[in-house]
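Taken in order, these protein sequences are the chains called H and A.
Throughout the first sequence, residue numbering follows our numbering, covering 46 to 360 in sequence.
Throughout the second sequence, residue numbering follows our numbering, covering 46 to 360 in sequence.
Below is one structure, written out as structure tokens; comments come after it.
Number of protein chains: 2
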Amino acid sequence: MGSLRFLSRMRMDLNKKEKAQLKEYLDSRKKVVDDALDRYLPSTDSYPKVIFEAARYSLFAGGKRIRPVLCMAAAETCGGRVEDVLPCACALEMIHTYSLIHDDLPAMDDDVLRRGKPTSHVVFGEGIAVLAGDALLTDAFRILASEGDASNVNPRDLLSVIQEIGIAAGFFGMIGGQTVDLNSEGKDVDYETLRYIHMHKTGALIKASMRSGAILSGAAQKKLSALTAYGESIGLLFQIVDDILNVEGDASIMGKETGSDTARKKATYPSIVGLELARKRAAELVKEALSSIDSFDDRAEPLRLIARYMAERKS
Amino acid sequence: MGSLRFLSRMRMDLNKKEKAQLKEYLDSRKKVVDDALDRYLPSTDSYPKVIFEAARYSLFAGGKRIRPVLCMAAAETCGGRVEDVLPCACALEMIHTYSLIHDDLPAMDDDVLRRGKPTSHVVFGEGIAVLAGDALLTDAFRILASEGDASNVNPRDLLSVIQEIGIAAGFFGMIGGQTVDLNSEGKDVDYETLRYIHMHKTGALIKASMRSGAILSGAAQKKLSALTAYGESIGLLFQIVDDILNVEGDASIMGKETGSDTARKKATYPSIVGLELARKRAAELVKEALSSIDSFDDRAEPLRLIARYMAERKS
Chain H
46 MGSLRFLSRM RMDLNKKEKA QLKEYLDSRK KVVDDALDRY LPSTDSYPKV IFEAARYSLF
106 AGGKRIRPVL CMAAAETCGG RVEDVLPCAC ALEMIHTYSL IHDDLPAMDD DVLRRGKPTS
166 HVVFGEGIAV LAGDALLTDA FRILASEGDA SNVNPRDLLS VIQEIGIAAG FFGMIGGQTV
226 DLNSEGKDVD YETLRYIHMH KTGALIKASM RSGAILSGAA QKKLSALTAY GESIGLLFQI
286 VDDILNVEGD ASIMGKETGS DTARKKATYP SIVGLELARK RAAELVKEAL SSIDSFDDRA
346 EPLRLIARYM AERKS
Chain A
46 MGSLRFLSRM RMDLNKKEKA QLKEYLDSRK KVVDDALDRY LPSTDSYPKV IFEAARYSLF
106 AGGKRIRPVL CMAAAETCGG RVEDVLPCAC ALEMIHTYSL IHDDLPAMDD DVLRRGKPTS
166 HVVFGEGIAV LAGDALLTDA FRILASEGDA SNVNPRDLLS VIQEIGIAAG FFGMIGGQTV
226 DLNSEGKDVD YETLRYIHMH KTGALIKASM RSGAILSGAA QKKLSALTAY GESIGLLFQI
286 VDDILNVEGD ASIMGKETGS DTARKKATYP SIVGLELARK RAAELVKEAL SSIDSFDDRA
346 EPLRLIARYM AERKS
């Protein structure tokens, strides 16, 4: 997959060359993940066909594979190999995808469009959409545990990772965040509540992606802590930028209706602190992320570029 | 927890003494499971309160704990200790409970009553019911993996068990069965399709309960095969008896409306092969289950009693 060397660390905006390098890096990693997901997931020739069609429909709907990329980048930073964390990387993407399918349901956010395509329940009906989400979540843990069949991973480390991902996706992570989000719709939400939603609904699994890649690569405690801090910063950054894009983004780039959060009176970072402060906080978070991994060697360059790119992404 | 000795092996109906012994056995095991579930699950003092309330509401709604009991009984038959398979036993019950919550949703079976109590979505709303199911499924895998923290379990065996449970609850198990069931409503269903539904929707997780307990107790291959066969027989038995009870059961004992499958034109064993043949098949399955573990010593007596009891249960 080739190693990368990037020049600047402290500048925020990516120059043309850096953009090209990052694009090449992300494209190559995305392909590795897409190929692996295609291998791990049963084909649509399986019975009963519709559940495999529904799972694959959402899994291959144009996701950016952020979580798998972070997991693999964290592993490489610690001297691990991409191949050894591939099941874990795919499991993270499957858990993310299941959460999107369930979030889009009429009983939740009631979204009919995601990444420019009709959502699962629109195409397959609500019952199958619920089941497709359930199946992706269940199969994620199966694939995660199958990583133990490879010889390079310590089985006790893998069991720790399964627990971490279970916590990050569960009551005290993603589902906790989604619960508060669901119960906050149509209400006035304060800054602390919004922060809870962001850190749990999106942040927890992004942080767990970094930690999983590091733990499976045998990272020392100090390195693990640094990567955890990086994960916390970019997890929050990712969600704030999402909120900003929802206010001002271009619908044709975002693939969903912009302004939908405002219309639904849903709390967002810009709606509570204002657009200017939201942008300022995003810039601070990039610096915090970079600072966490400041002492790392060149293998951390992709993580640096990703953090810098996140603040300027358009979709 | 005390060991049990039972007298008769070949008679089908339980005599009074056997009934009392089985009741004592099941009650004591149920208590062990209930206490452990209470410990493993976060309290309702946690934030956000409603998701813990919803999870606990369904988890402590009077379930019989069949899967945990089978997991523990399989372990004991192989010389394992109940304590060592307790996280696994609880995880199985949590997965079963999540499947009931999602099955009851309006988009699925649309049931408003289960075990005499309003279903989750009736009490908490559809959104929280979906999330409570998701949380129980996710936390089941976390608790399962936490079993590795104990010293008595081989981590590679535990990773195998996580994969087995993932398969049994996933695309090719419970969710496959539920998908076919959902797509069959209102249609004429043939015997083969009904058999697929039964073996996957209920059978797969019951078989996995037996296998998990055995694998975690270091069972030899021959013993594991015998317990797998037992699990297959009683898995199907359990569902056929459920179908029979749905036709002729007493609503006050069943805790839900009987005849509901008929009213919904849902395929059941009696509706396809007739009530008499359904009863005959149930009796055969008891014999098959007993025959699978015929060579086992007295530690298998609870499994024998359970199989014999299953055919005569009233709820």
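Ideal Cβ positions, reconstructed from N, Cα and C, are used throughout, including at glycine.
Own chain partners of residue i with C-beta closer than 8 Å, once the 5 adjacent residues on each side are dropped
i, result
"Ser191 (chain H)", "Pro132"
"Glu209 (chain A)", "Ala253, Arg256, Ser257, Ile260"
"Met153 (chain H)", "His147, Gln223, Leu227"
"Ser340 (chain A)", "Ala271"
"Arg326 (chain A)", "Ile285, Tyr314, Val318"
Residue closest to residue i, alpha-carbon to alpha-carbon, out of the options
i, options, result
"Val331 (chain H)", "H:Ala352, H:Val318, H:Asp343", "H:Ala352"
"Leu189 (chain A)", "A:Asp342, A:Val175, A:Leu204", "A:Leu204"
"Leu290 (chain H)", "H:Ala214, H:Met355, H:Ala274", "H:Met355"
"Gly215 (chain H)", "H:Glu230, H:Glu63, H:Ala249", "H:Ala249"
"Leu150 (chain A)", "A:Ser270, A:Asp58, A:His166, A:Pro87", "A:His166"
"Phe283 (chain H)", "H:Asp90, H:Arg324, H:Leu82, H:Ala265", "H:Arg324"
"Ala180 (chain H)", "A:Gln266, A:Leu281, A:Tyr102, A:Ile220", "A:Ile220"
"Ala274 (chain A)", "A:Glu321, A:Ser336, A:Val234, A:Gly231", "A:Ser336"
"Asp184 (chain H)", "A:Ala213, A:Asn197, A:Ala195", "A:Ala213"
"Met244 (chain H)", "H:Phe217, H:Leu281, H:Glu230", "H:Leu281"
"Arg344 (chain A)", "A:Leu272, A:Leu322, A:Ala195, A:Ile207", "A:Leu272"
"Ala81 (chain A)", "A:Leu104, A:Ile251, A:Ser229, A:Tyr92", "A:Leu104"
"Tyr92 (chain A)", "H:Asp235, H:Phe217, H:Gly211", "H:Phe217"
"Val234 (chain H)", "H:Asp83, H:Lys311, H:Asp79, H:Arg74", "H:Lys311"
C-beta atoms of residue i and residue j nearer than 8 Å
i, j, result
"Ser262 (chain H)", "Ala120 (chain H)", "yes"
"Tyr85 (chain H)", "Cys135 (chain H)", "yes"
"Leu137 (chain H)", "Gly172 (chain A)", "no"
"Leu145 (chain H)", "Arg159 (chain H)", "yes"
"Gly258 (chain A)", "Val130 (chain A)", "yes"
"Phe186 (chain A)", "Ala177 (chain A)", "no"
"Lys268 (chain H)", "Cys123 (chain H)", "yes"
"Thr247 (chain A)", "Asp288 (chain A)", "no"
"Glu333 (chain H)", "Ser270 (chain H)", "no"
"Val286 (chain H)", "Arg349 (chain H)", "no"
"Thr366 (chain H)", "Gly108 (chain H)", "Given a span of 46 to 360 for chain H in the structure shown, any question on residue 366 (chain H) remains unanswerable."
"Ala328 (chain A)", "Met57 (chain A)", "yes"
"Ala99 (chain A)", "Lys162 (chain A)", "no"
"Gly276 (chain A)", "Ile251 (chain A)", "yes"
"Ile207 (chain A)", "Ile207 (chain H)", "yes"
"Val198 (chain H)", "Val175 (chain A)", "no"
Host alpha helix (DSSP H) of residue i (start-end)
i, result
"Cys135 (chain A)", "127–148"
"Arg101 (chain A)", "94–104"
"Ala195 (chain A)", "Element bounds for Ala195 (chain A): n/a, residue is neither H nor E."
"Cys116 (chain A)", "111–122"
"Ser229 (chain A)", "219–229"
"Ala253 (chain H)", "249–261"
"Thr89 (chain A)", "Segment: none, Thr89 (chain A) is in no alpha helix (DSSP H) and carries neither H nor E."
"Val318 (chain A)", "314–318"
"Lys267 (chain A)", "266–293"
"Thr238 (chain H)", "236–243"
"Gly211 (chain A)", "200–214"
"Met355 (chain A)", "346–357"
"Val157 (chain A)", "Segment: none, Val157 (chain A) is in no alpha helix (DSSP H) and carries neither H nor E."
"Phe169 (chain A)", "165–169"
Cβ shell of residue i (< 7 Å), same chain only, five flanking positions each side left out
i, result
"Asp72 (chain A)", "none"
"Gly193 (chain A)", "Pro200, Leu203"
"Pro87 (chain H)", "Phe97"
"Tyr102 (chain H)", "Ser165, Val168"
"Val127 (chain A)", "Met46, Val77, Met117, Ala120, Glu121"
"Lys232 (chain H)", "none"
"Thr89 (chain A)", "Phe97, Glu98, Arg101"
Beta carbon proximity, residue i to chain B, threshold 8 Å
i, result
"Ser257 (chain A)", "As a matter of chain content, chain B is missing from the structure shown, whose protein chains are H and A."
Contacting residues, own chain, Cβ-Cβ under 6 Å from residue i (five flanking each side not counted)
i, result
"Ala264 (chain A)", "Cys123"
"Lys75 (chain A)", "Arg110"
Per the contact definition of three or more C-beta pairs closer than 8 Å, is the segment 229–246 of chain A in contact with the segment 310–318 of chain A? yes
Would you check if the segment 214–231 of chain H and the segment 107–115 of chain H touch, i.e. whether three or more CB-CB distances between them fall below 8 Å? Not touching, per the Cβ criterion.
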